[in-house]
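A short write-up of the structure that comes next.
Protein chains: 2
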Amino acid sequence: MAKIIRARNFRWDVPLKEYKTEGTGFRDITRQTLLGDGDDEQRLNFLTRYFEVQPGGYSSLERHEHPHAVVILRGEGEVILGDRVESVSVHDCVFISSHSLHQFHATGSEPLGFLCVVDRERDRPQLPAEDELARLNQDETLRKRLRT
Amino acid sequence: MAKIIRARNFRWDVPLKEYKTEGTGFRDITRQTLLGDGDDEQRLNFLTRYFEVQPGGYSSLERHEHPHAVVILRGEGEVILGDRVESVSVHDCVFISSHSLHQFHATGSEPLGFLCVVDRERDRPQLPAEDELARLNQDETLRKRLRT
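Just so you know, the protein sequences line up as chains A and B, in that order. Here my numbering is used: the first sequence runs in plain steps of one and ends on residue 148. Here my numbering is used: the second sequence runs in plain steps of one and ends on residue 1148.
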């Protein structure tokens, strides 16, 4: 059934979840699935999630086959995107193509919050291999920014 | 290739398009497809569009099989959702289930802007039949709000 999921200061009437229950290399990040998790929302072939990273926090450095469509809703951040680092702020969009390594960092004084839409059916994230990390660490900008 | 699509006061570096080129019953509304239209974005199975309705404007009163996932980004509005009218404001989400009649109205002094995510492959919108419109018009709240 059609419905409104109301927002109140970046909290919606859905469960507030930990970012992940396994894996390493992330800090101070929460997840709310805004649209797609409800029993009556299974016809949606994609999930609209909201992630919030506290200042100084970051998501996992990972890649996967499925692409991400990201829209920043609050704060300031830097994104590792393949072999470069880009700054982002409110309403910027990020297209994370298949197999692009990525990591979000909250670099401002307020949390970095963003929508991230993905296919309901998707592959699992993969961490970068040791030799790839070594290669990335040769770039000073990347080395200073990435966290594992 | 992974990339940033930067925002500047609700304009992104994508084409600003008219809402529709055919049909009737909409006013003062534009569309930007933020993610999914680019040549390198075809792997996205869904499109992330941004619609902006000027004060007093509205979208088409329509329904379709494919559901909508909507997130309000600016302004105040009212949404016809099936047989009721709901108010919405910034960051509220709207789940428009299959075949639910819907119409967005900008009711505040600033534009109503919202993200609307849909399947790339989807059915065409359908307008309500005359007898359905007659039935809706029996409800005073709906009659005052809906535009055809």
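A virtual CB, placed ideally from N, CA and C, is assigned to each residue, including glycine.
Fully enclosed beta strand (DSSP E) runs of no fewer than 3 residues occupy 68 to 74, 77 to 81, 84 to 88 of the stretch 53 to 92 of chain A, in order along the chain.
Three or more Cβ pairs closer than 8 angstroms define a contact, and the stretch 83 to 94 of chain A meets that threshold against the stretch 126 to 143 of chain A. Per the coordinates, the alpha-carbon of methionine 1(A) lies some 17 angstroms from the alpha-carbon of valine 1117(B). The C-beta separation of glycine 1036(B) from arginine 1120(B) comes to about 7 angstroms, placing the pair in contact by the 8 angstroms criterion.
Taking C-alpha positions only, serine 89(A) is separated from phenylalanine 1026(B) by approximately 32 angstroms.
Under the Cβ criterion of 8 angstroms, phenylalanine 1051(B) is not counted among the residues facing chain A. Using a CB distance below 9 angstroms, the part of the stretch 1085 to 1097 of chain B facing chain A consists of Glu1086, Ser1087, Val1088, Ser1089, Val1090, His1091, Asp1092, Cys1093, Val1094, Phe1095, Ile1096, Ser1097, ordered along the chain. In the DSSP assignment, arginine 145(A) falls outside any beta strand (DSSP E) and within the unbroken alpha helix (DSSP H) covering 140 to 145. Interface annotation, phenylalanine 1114(B): not in contact with chain A, CB-CB separation never under 8 angstroms. Contact between the stretch 1121 to 1140 of chain B and the stretch 40 to 47 of chain A is not established, with fewer than three Cβ pairs separated by less than 8 angstroms. Scanning its chain for C-beta atoms nearer than 7 angstroms, with the 5 sequence neighbours on each side dropped, one finds around valine 1070(B) the residues Cys1093, Val1094, Ile1096, Phe1114, Leu1115, Cys1116, in chain order. Residues of the same chain with their beta carbon placed closer than 6 angstroms to that of proline 1015(B) are lacking, with the five preceding and five following residues left out of the count.
In the three-state reduction of the DSSP assignment, aspartate 13(A) falls in the coil class.
Not flagged as an interface residue toward chain B: proline 125(A), since no C-beta distance is shorter than 8 angstroms. Glutamate 41(A) places its beta carbon 8 angstroms or farther from that of glycine 75(A).
Counting only runs that start and end inside the stretch 110 to 141 of chain A, the alpha helix (DSSP H) elements of at least 4 residues fall at 130 to 136.
Residue contact with chain A for alanine 1002(B): present (Cβ-Cβ distance below 8 angstroms to some residue of chain A). The DSSP-derived three-state label of aspartate 1040(B) is helix. Under the DSSP definition of a beta bridge, threonine 107(A) lacks any partner. The beta carbons of isoleucine 29(A) and glycine 57(A) sit closer together than 8 angstroms. For the stretch 22 to 51 of chain A, the residues whose beta carbon sits under 8 angstroms from a beta carbon of chain B are, in order, Leu34, Leu35, Gly36, Gly38, Asp40, Glu41, Arg43, Leu44, Asn45, Phe46, Thr48.
The beta carbon of leucine 136(A) does not come within 8 angstroms of any beta carbon belonging to chain B, so the residue lies off that interface.
DSSP places leucine 101(A) in no beta strand (DSSP E); its state is neither H nor E. Going by DSSP, threonine 33(A) is part of the beta strand (DSSP E) stretching over 27 to 35. Just so you know, the alpha carbons of threonine 33(A) and leucine 1146(B) end up roughly 31 angstroms apart.
DSSP, read as helix, strand or coil, puts tyrosine 19(A) in coil. Separation of the CB atoms of histidine 66(A) and arginine 122(A) is rounded to 4 angstroms, and the pair is thereby assigned contact status at 8 angstroms. Rounded to the nearest whole angstrom, the C-alpha separation of arginine 1063(B) and alanine 134(A) is 53 angstroms.
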